[in-house]
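Protein chains in written order, with the UniProt record's numbering: chain L, 1 to 331; chain G, 1 to 298; chain W, 1 to 383.
Heads up, the beta-carbon is just placed ideally off N, CA and C, and yes, glycines get one too.
First comes the structure, then the notes that go with it.
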Amino acid sequence: MNTVAVIGFAQSGHSLTTSGVETLVPVIRDALEDAGLAKQEVGFWCSGSSDYLAGRAFSFVNAVDAIGAVPPISESHVEMDAAWALYEAYVKILAGEAETALVYGFGKASAGELSRVLALQMDPYTAAPLWPDAVSVAALQARLGLEAGLFTERDMATVAARDQGGDVEAMLGRPYLSDPLRAHDVARVKDGAAAVVLAAGERARVQRERPAWISGFAHRVDPQGLGERDLTTVPSAIAAGHDAELDGDLDLVALHAPFTHQELLLRAALGLPAEKIIPSDGNAMFSAGLSRIGVAAEQVMSGRANRVAGHATSGPALQQNLVCVLSSGEA
Amino acid sequence: MTIAFDYTRSLGPVLGRFMAGLRDRRVLGSRTADGRVHVPPVEYDPVTCEPVTDLVEVSPTGTVLSWTWTEGQSSGWALVRLDGADTALLHTVGAGAREHLRTGLRVRIRWAGDRTGHIRDIECFEPGEAEATPETAEGEPVAIMTTPIRLSYRHTTSDEEDRYLRALAEGRLIGQRCPACHKVYVPPRVCPADGVAPDEVVEIADRGMVTTFCVVNVPFAGQRLDPPYVVAQVLLDGADIPIQHLILGVGAEQVRMGLRVAAVWRDREQWSFTPENIAHFEPTGEPDAPYESYAEHL
Amino acid sequence: MRRAAVLGTGQTHHRARRTDVSMAGLCREAIDRALADAGTDWSQIDAVVVGKAPDLFEGVMMPELFLASALGAAGKPLLRVHTAGSVGGATAIVATSLVRAGVHRRVLAVAFEKQSESNAMWALSIQPPFTAPIGAGAGGYFAPHIRSYIRRFGAPPHIGALVAVKDRRNGALNPYAHLRQPEITLESVQSSRMLWDPVRYDETCPSSDGACAIVIGDDEAASSSSRQVAWIRATAMRTEPTFYAGKDHVNPRAGAVAAEALWAAAGIRSPLDEIDVAELYVPFSWFEPMWLENVGFVGQGDGWKLVESGETRIGGALPVNPSGGVLCSNPIGASGLLRFAEAAMQVMGRAGEHQVPGAATALGHAYGGGSQFFSMWVVGRQP
């Protein structure tokens, strides 16, 4: 079986301001540069994005223009966070169908009213017609965790203070946004794009002195119904972590948690201590998960860490989860 | 921009009976092989994957398992497990409940006055116990449930788009040249062949030739003109890629490949930052362009 | 590379409006048939791959999330593919890669579209602001390119009608087809309404509700199957931009390059001689001759001649779309997977009345967007 490694990563700064594809161009260019790869050398392209985030059908089609796909390329797209596009590309390389891959994700959440848009992920018969906003849905989950004694509002504020700065006491004094969530419990939603470059074993060693080797990569989904699952455990994250051989032997972990309580639930489910979490500066819809894996991989590629993990989530109340474990040594 | 549509959801046997129950002020849950009763009903058994056929009535009264209230809103949200059910239903909690709202609160359904077989037949939950509802025969299942979806989006222009629209407002057409392949794109954009931003700005004539076209005879949703009309690919002089536009001012049967056409601009007073400043294209009367001159653009 | 095979296929009765089922019910009708055809059950399915075209068609953002349980995916890996009209093919190819990579033993691929929940023409007409107000509809996009084909090769005008007659009559042999018109004639097609000149009503695909599912298994799963499987000999996907200076809309490079890669990977030197049956993605009848050329069955300009000779009928040298194709059933997201599944059904000998006798090697083909996303596979009775 092939081994696969991350050999390049880039993400947009805070300047993703237009609705067009021009914002993707520098991200793709930077990721290729980081990997030392020319565009023509990419064997497989895969992206993740959402039509509903953009507000029109086939919104991903224009993104192909940012690649410059002449002559034609081998390419695919998932209507998911691009972390799952990374998984598809990883599988292509494992199968020997490609030697290198570039994966990108993008989203402009500020184009629409995100909390309302995400209501359309809910059951279209019994839930979506009520327009449950995404923050309220998360708040229902947070209360269950609080009342089960799994964490406190102070624990939640502590997560927020780490990522956003600020004083925990002052934060706890602020009013609720959607009780029991306060404004700081909601990760800052940003517009963004990210790109990760993968390569198969031999090629990865040629491209980079210190690739981030993928030792485990898995994802699972839970039933969606908020009343159909225990919202305080995250079975899909636990199963994905198990499949990816995630264990305590990690230097750092980048979690994708759109709400503070979700990081606490994930840490409990995956058995991760607080001090190993790489802070996050926001939630860029449909590229955040890929970006978290990229950030984790960067720690290995730069030599700052030896074994790390990246995580992505999707769907209401942590319905779908993905775990990618990376290390400095080839498996 | 707003996108809005009234979706028509066909419900199938399980959800159809559930919605019919709501219309008749009854709540039906689905009983799965393990004996658990699911409200809202599941169509397929989560354990065995088999279709669920057994629907049983549960109480319109239940217990709040979790709740939230958003500052400034007139209602809250709750997960409510109805008596007789094993799972919780997501719904709203009415304004009167705010002071009392807590986990464990007993709540009952407040039925909507006008019920159509829709999840909104439950207006909301309110504190209290429901009175026993009289036995009624189960009504006809609901076949289709209408769900309006309305969302607003804001479009942010790129530099190239901005420049193009500003030129249009002055009655000019511009393109931009790709620094890699030197082709001129109208409207200007990232070169789709090379994936690089365009540079040199090029003035483009508001006339050119029809490369190919079709006659639209069919009415459809979202259409902005009454058929029949001609939609053509127009290769403007100085551009390397055709734009799509309308050919009017000539019978559809007279439009042909190679036809020379020019833009018909709207009255100057109506101009703004939009391609709509050009109403359509019409023939110039020049001789047709030879096939070879546009064969590469088909 | 590990081998993979189609163990079983299933599809719905495609109709304009399947108001008798929910989205879950629609998918399960296809899935349950596929599991039965594969002689497998839920306990053996390791992962699910869902394909669907734009979410705006059903008004559900990422519907695979709410469908996870009903699709038997809860607790398993679930992927959602969206590559425009080619998505059904891409779905099958992603599932194939999962098996070839050795990640899973049996993967369920399912694709659907429930067009009756909204109006596809409406959904597709949504444009960002600052675009010219040119409403042409799906046919309006492709009809000019068909005109270009006719002009480039001097194809006689009745070719499109010949394809329509063939496909609609083939559809009459397919119990699942949406349109089944055994009585259709060249004259009736040619007298049907002109929609997007040069495309007539009868030369256009319908709008359908429908789903398709397939089970793909590894070598061991295939070997333990008591029935004939369809070995996946090669897959290919290629993409190019919708528009670029010099794009050939009649003979898109992405399609040609994908086909070259496909034939090479399958070890096929002369596709016309070695392929027994092809399921091509033909939403407007004129695309049959165009794709025959694009994928390399015949040379440039010879596609319409093969059609005119009658060799693409069942019984001809290369039967094309014996199922009736997209021209008879078009549940957009599922249409590509239907092409792939029908190709598999042919080599498994389970195509019923529209079986091409002795079919041993078949092509499944899909495309999408502005003739820019292509996915294809070759399946065979032998690995």
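In terms of Cα proximity to W/Thr239, the closest of W/Gly296, W/Arg227, W/Val257 and W/Val229 is W/Val257.
It is roughly 23 Å from the alpha-carbon of W/Gln228 to the alpha-carbon of W/Gly88.
Judged by DSSP in its simplified three-state form, G/Trp271 adopts coil rather than helix or strand. Here the alpha carbons of G/Ile119 and G/Ser66 stand approximately 20 Å from one another. It is roughly 15 Å from the alpha-carbon of L/Ser47 to the alpha-carbon of W/Thr91. The CB of G/Gly12 comes closer than 8 Å to the CB of Asp20, Val21, Ser22, Ala24 and Gly25 in chain W, given here in chain order. Of all residues in the segment 142-165 of chain G, those with a C-beta nearer than 8 Å to a C-beta of chain L are Met145, Thr147, Ile149, Leu151, Ser152, Tyr153, Arg154, His155, Thr156, Thr157, Ser158, Asp159, Glu160 and Glu161, reading in chain order. Residues of the same chain with a CB within less than 8 Å of the CB of L/Phe58, apart from the 5 flanking positions on each side, are Asp51 in chain order. For L/Val300, no CB of chain W lies under 9 Å from its own CB, so it is not counted at the interface with that chain. Taking C-beta atoms as the reference points, L/Ala35 and L/Arg208 count as a pair closer than 9 Å. Runs of the beta strand (DSSP E) lying entirely within the segment 160-215 of chain G and spanning at least 3 residues, in chain order: 173-177 and 201-204. For chain W, the residues of the segment 24-50 of chain G that bring a beta carbon within less than 7 Å of one of its beta carbons are Val42, Glu43, Tyr44, Pro46 and Cys49, in chain order.
A contact is defined here as three or more CB-CB pairs under 8 Å, and the segment 25-32 of chain G fails this definition with respect to the segment 286-295 of chain L.
Under DSSP, L/Glu330 shares a beta bridge with no residue. By the 16-neighbour rule on beta-carbons within 10 angstroms, W/Thr9 is buried. Under a criterion of Cβ atoms nearer than 7 Å, no residue of chain W is adjacent to L/Leu318; the nearest Cβ is some 12 Å distant. Against chain W, the CB of G/Ala252 has a partner CB under 9 Å away; the residue lies at that interface.
Within the model, the alpha-carbon separation for G/Leu82 versus G/Ala95 is close to 20 Å. Looking at the backbone, the Cα of G/Ile204 and that of G/Pro275 are separated by about 14 Å. Bounds of any alpha helix (DSSP H) do not take in L/Ala218; it lies within the beta strand (DSSP E) bounded by Ala212 to Val221.
Setting aside the 5 residues that flank it on each side, G/Tyr44 is surrounded in the same chain by Glu50, Pro51 and Val52, each with a C-beta closer than 8 Å to its C-beta; the list follows chain order. Here DSSP, grouped into helix, strand and coil, assigns W/Cys27 to helix. Counting C-beta pairs closer than 8 Å gives fewer than three between the segment 183-201 of chain W and the segment 348-363 of chain W, which falls short of the contact rule. Chain order gives the chain L residues near G/His91 as Leu130, where near means a beta carbon separation below 7 Å. Beta-bridge annotation (DSSP): G/Pro127 is paired with G/Val107.
Each residue's CA atom was taken as its position, placing G/Cys181 and L/Ala98 some 28 Å apart. Of the residues assessed, G/Asp121 falls on the buried side of the cut-off, its CB having 16 or more other CB atoms within 10 angstroms.
Listed along chain G is no residue with a C-beta nearer than 8 Å to that of L/Leu37; the closest approach is about 14 Å.
The C-beta of W/Ala36 has fewer than 16 other C-beta atoms within 10 Å across all chains shown, which makes the residue exposed. L/Met156 sits in a helix when the DSSP states are folded into three classes. Nearest CB-CB separation between G/Gly222 and chain W: below the 9 Å threshold. In the DSSP annotation of this structure, the continuous segment of the beta strand (DSSP E) that includes G/Ser30 starts and ends at Val27 to Arg31. For L/Ser314, the three-state secondary structure derived from DSSP is strand. Non-local beta-carbon contacts of L/Ser19 in its own chain, meaning distances under 7 Å to residues more than five positions away in sequence, involve Lys108 and Ala111 in chain order. Under the Cβ distance rule, W/Asp197 counts among the residues neighbouring chain G, one pair being separated by less than 9 Å. Look at L/Gly68 here: in three-state DSSP terms it is coil, with no helix or strand label.
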